[in-house]
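Protein chains: 2
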Amino acid sequence: MKTIAIIGAGPAGMEASGSLARLGYHVVLIEKEATVGGHLKNLFQLFPDRRPGKEILTHLVQTIKHPGIQIKVNSEVSEVQKLDNSFALKINEETMNADAVLVTTGFDLYDATEKEEYGYGIYPNVITSADLEQMFHNGKVVTEEGKTPKRVAFIHCVGSRDEKAGNNYCSKVCCVTAVKQAIEIKELLPETEVFCYYMDIRMFGPYYEELYREAQEKWGVMFIRGKLSEASQNMDGSILMKAEDTLAGKPLRMNTDLMVLMAGMVPSASSKKVAQQFKMEEGQNRFFKSADNHYRYNESQQMGVFIAGACVAPMNITDTIANARAAAVKIDEYLKN
Amino acid sequence: MKTIAIIGAGPAGMEASGSLARLGYHVVLIEKEATVGGHLKNLFQLFPDRRPGKEILTHLVQTIKHPGIQIKVNSEVSEVQKLDNSFALKINEETMNADAVLVTTGFDLYDATEKEEYGYGIYPNVITSADLEQMFHNGKVVTEEGKTPKRVAFIHCVGSRDEKAGNNYCSKVCCVTAVKQAIEIKELLPETEVFCYYMDIRMFGPYYEELYREAQEKWGVMFIRGKLSEASQNMDGSILMKAEDTLAGKPLRMNTDLMVLMAGMVPSASSKKVAQQFKMEEGQNRFFKSADNHYRYNESQQMGVFIAGACVAPMNITDTIANARAAAVKIDEYLKN
């Protein structure tokens with residue numbers, strides 16, 4: 176029986192493990208953290224259908240309960256040796272042999288402290304969308320001072336489409352996440368004013384536009400085509416935003432009790448490490464480079480090393496799951512030849 | 176050996192046929208037209224890498240050259256009978272038995288004549304992006320009068336994000352197609368002025384933003400956040416556009432020699448027919464409804480009937496190919512149980 180090592184047990188790695196095990200392979204799923212699930216563990220509800228993240232996680236946990244799958248948590252690949260038609264991998268002082276490797280090392284959130292002018296890590300009422308998601312988990316959205324925010328402002332494209340940040344690309348999921356979170360705030364706190372500061376509203380997927388309409392028509396979320404230039408803290412802890420309204424072409428100042436930064440996706444630290452170990456190529460955007468952009472999307476430039484999910488490009492959960500299954504098909508074909 | 180009927184031989188149907196045949200199934204690929212390839216046949220170059228559409232088509236044609244695949248062109252399913260664990264399908268007066276069915280009936284282009292105020296089908300210098308793609312195939316972009324256009328204007332979101340047209344959704348590929356075509360025009364005709372009238376520029380995929388920058392910085396394509404209200408024809412055959420500049424908040428008039436409508440995607444006529452035959456559910460957006468939006472994306476609400484590609488939602492070629500492979504994995508699992 177042939178063995179596949181899968182590096183990273185987020186949604187891509189978990190789904191691919193299930194597909195490959197059901198195709199008859201022995202899978203070793205390697206996760207550096209103590210638990211599987213990756214970023215999905217932190218998502219309270221998914222867009223656009225407000226599905227609890229937990230339901231999808233439960234599905235994925237079920238899918239990897241298979242006799243063909245060996246799960247190694249708290250584990251990292253420390254050494255790689257390329258053999259003739261396989262790889263010798265050193266994991267926690269043990270060595271295993273893999274006939275193929277699937278890299279599913281996902282993404283890291285952009286470190287919002289790098290945008291110093293936005294004040295994340297300096298002013299406590301500047302938070303990220305991940306912090307807000309955690310508040311939704313806890314069922315309570317409050318300012319640092321423990322008060323109900325009278326106003327919340329979302330800042331789209333933090334560390335995305337940003338030459339200064341070194342990330343020209345769009346992170347694809349932040350617009351729709353912001354709109355979803357804006358609605359969630361209005362549901363919890365109907366009296367709170369909610370603003371979204373955007374460059375372009377990228378609601379491209381099925382039922383994203385409907386969510387955008389709901390935010391405007393049902394909940395009165397206000398969308399401002401504008402760019403934040405800097406934020407500072409008022410005496411009472413609230414945030415003074417200086418922005419440019421790019422529709423009106425005018426500078427704009429606004430106070431907000433909570434400012435939410437939609438931090439984008441960057442290639443993960445694990446991806447960088449794995450890229451070196453397997454001598455894989457990065458694209459211009461620093462995500463992994465596919466052997467072909469159209470029909471060899473899940474193959475790296477290295478024979479026998481495959482890639483899937485958000486380590487290839489920013490993608491949502493639905494696309495990640497499809498992508499993982501697609502990778503499984505190509506690995507099966509590779510191992511049969 | 177189990178048999179899978181695949182309805183529609185565009186990219187999704189072709190790729191899934193190859194994957195399923197290599198998984199050991201007998202595939203009958205049914206295409207109503209005389210040749211395979213679907214809309215891909217009409218694409219001169221793909222975004223974002225300007226890959227000739229023909230190269231991808233060649234790959235797909237290779238993939239279906241497999242002894243396990245029987246291709247039936249000029250063929251349509253005329254009758255469906257649900258049996259215990261299979262379907263009896265009548266095709267061209269013959270009846271076949273299928274253990275599973277994969278529907279890959281793709282999309283139709285939005286009929287731009289429905290937007291009467293834009294003048295498509297009335298004024299010859301109002302064309303669609305599909306017409307322009309055909310001009311690129313022919314290597315020559317000219318007006319109806321046979322002249323080199325001094326100015327070309329692209330109108331984004333024709334029949335997409337348009338409540339009046341009955342399509343609230345974004346068609347996902349038009350923005351990046353317009354930017355690609357704008358660059359192609361500048362390459363052929365460097366002296367021609369090119370304008371894009373957009374609502375939001377949705378360049379969300381890998382290397383889309385780079386294309387957008389190239390259009391602006393290298394080629395001087397002008398992007399106007401604006402909405403066309405109506406078009407009329409001048410004496411010389413050129414087009415007078417009346418629009419609203421939604422950045423400046425002002426009405427705007429502009430003459431153009433060629434006006435290109437970015438017609439969106441709508442569910443295909445074939446999808447509607449197949450939906451009735453198999454009693455499949457449509458979503459609110461009239462594309463097929465998945466059994467689950469996140470992890471049963473390729474399953475319809477009918478047991479044994481699967482869906483993939485642009486009949487599920489607007490998607491590009493890369494996503495369509497991944498989606499087809501993902502469907503193959505799920506069909507394999509279904510037939511093994």
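Chain order of the listed sequences is A and B.
Numbered as in this note's numbering, the first sequence ends at 512 without a single skipped number.
Numbered as in this note's numbering, the second sequence ends at 512 without a single skipped number.
Built from N, CA and C at the ideal position, the CB exists for glycine as well.
Query                                                                                                                                                                            : Result
Going by C-alpha to C-alpha distance, which of B:G439, B:E405, B:I297 and B:Y372 sits closest to V333 (chain B)?                                                                 : B:G439
Output the distance between the C-alpha atoms of E291 (chain B) and E405 (chain B), rounded to the nearest integer angstrom.                                                     : 9 Å
If we define contact as Cβ-Cβ less than 8 Å, is P381 (chain B) a contact residue for chain A?                                                                                    : yes
Name the residue from A:V276, A:H234 and A:T280 whose alpha carbon lies nearest to the alpha carbon of G484 (chain A).                                                           : A:T280
Per DSSP, A263 (chain A) forms a beta bridge with which residues?                                                                                                                : A:Q256 and A:N272
Less than 8 Å between CB atoms is the rule here; does E384 (chain B) satisfy it with respect to chain A?                                                                         : yes
Tell me whether I297 (chain A) is buried or exposed, calling it buried when 16 or more other Cβ atoms sit within 10 Å of its Cβ.                                                 : exposed
Find the nearest neighbour of Q408 (chain B) within the set B:D432, B:V252, B:K229 and B:T495, judged by alpha-carbon distance.                                                  : B:D432
Which runs of the alpha helix (DSSP H) spanning at least 4 residues fall entirely within the region 342-414 of chain A, listed in chain order?                                   : 349-363 and 383-392
Report the option in A:G479, A:L415 and A:M429 whose CA atom is closest to the CA atom of I399 (chain A).                                                                        : A:M429
Using a Cβ-Cβ distance under 8 Å, would Y372 (chain B) count as near chain A?                                                                                                    : no
Evaluate E206 (chain B) with the Cβ neighbour count: other Cβ atoms within 10 Å of its Cβ, from every protein chain shown; 16 or more gives buried, anything less gives exposed. : buried
Whose C-alpha, out of B:V487, B:G188 and B:S194, is nearest the C-alpha of A450 (chain B)?                                                                                       : B:V487
Just mark Q237 (chain B) as buried or exposed, buried being the case when its beta carbon has 16 or more other beta carbons within 10 Å.                                         : exposed
Would you call the region 244-256 of chain B and the region 219-233 of chain B in contact, with 3 or more CB pairs under 8 Å?                                                    : no
Identify the contact partners of Y298 (chain B) in chain A, using a Cβ-Cβ distance below 8 Å as the criterion.                                                                   : By Cβ distance, chain A contributes nothing, its closest Cβ being about 30 Å from Y298 (chain B), past 8 Å.
Starting from R226 (chain A), follow its DSSP beta bridges and name the residues at the other end.                                                                               : A:L221
Rounded to whole angstroms, what is the Cα-Cα separation between L195 (chain A) and A503 (chain B)?                                                                              : 13 Å
Quick check on M152 (chain A): does DSSP put it in helix, strand or coil?                                                                                                        : Outside the shown range of chain A (176 to 512) lies residue 152 (chain A), about which nothing can therefore be said.
Hey, could you find the ends of the beta strand (DSSP E) F329 (chain B) is sitting in?                                                                                           : R326 to V333
In whole angstroms, give me the CA-to-CA distance for L284 (chain A) and F463 (chain B).                                                                                         : 33 Å
Start and end of the beta strand (DSSP E) containing D283 (chain B)?                                                                                                             : F282 to L284
What whole-angstrom Cβ distance do V369 (chain B) and M410 (chain B) have, given they're in contact under 8 Å?                                                                   : With 8 Å as the limit, V369 (chain B) and M410 (chain B) do not qualify as a contact, their Cβ atoms being about 24 Å apart.
Which chain B residues are close to V504 (chain A), counting only those with a beta carbon under 7 Å from its beta carbon?                                                       : S194, R500, A503 and V504
Please classify A444 (chain B) as buried or exposed, where buried requires at least 16 neighbouring CB atoms within 10 angstroms.                                                : exposed
Report yes or no: do the region 345-353 of chain A and the region 455-462 of chain A share at least 3 C-beta pairs separated by less than 8 Å?                                   : no
Starting from H234 (chain A), find everything on chain B with Cβ-Cβ shorter than 7 Å and list it in chain order.                                                                 : Y470
Nearest-angstrom Cα distance between M310 (chain B) and T318 (chain B)?                                                                                                          : 10 Å
Only counting the same chain, and skipping five residues up and downstream in sequence, which positions put a Cβ closer than 6 Å to that of L415 (chain B)?                      : S407, N409 and N430
With a threshold of 8 Å between beta carbons, is M437 (chain B) in contact with chain A?                                                                                         : no
So that I know if they touch, is there some Cβ in chain A lying closer than 8 Å to that of M378 (chain B)?                                                                       : yes
Nearest chain B C-beta to Y344 (chain A) closer than 8 Å, yes or no?                                                                                                             : yes
Does DSSP classify N430 (chain A) as helix, strand or coil?                                                                                                                      : strand
What distance in whole Å lies between the Cβ atoms of H214 (chain A) and G193 (chain A), which are believed to be in contact at a cut-off of 8 Å?                                : Contact doesn't hold; Cβ gap of about 19 Å is too wide.
Which residues bound the beta strand (DSSP E) around I205 (chain B)?                                                                                                             : H201 to I205
Does the beta carbon of R225 (chain B) fall short of 7 Å from some heavy atom of the ligand SAM?                                                                                 : Among the components modelled here there is no ligand, and therefore nothing to report on the ligand SAM.
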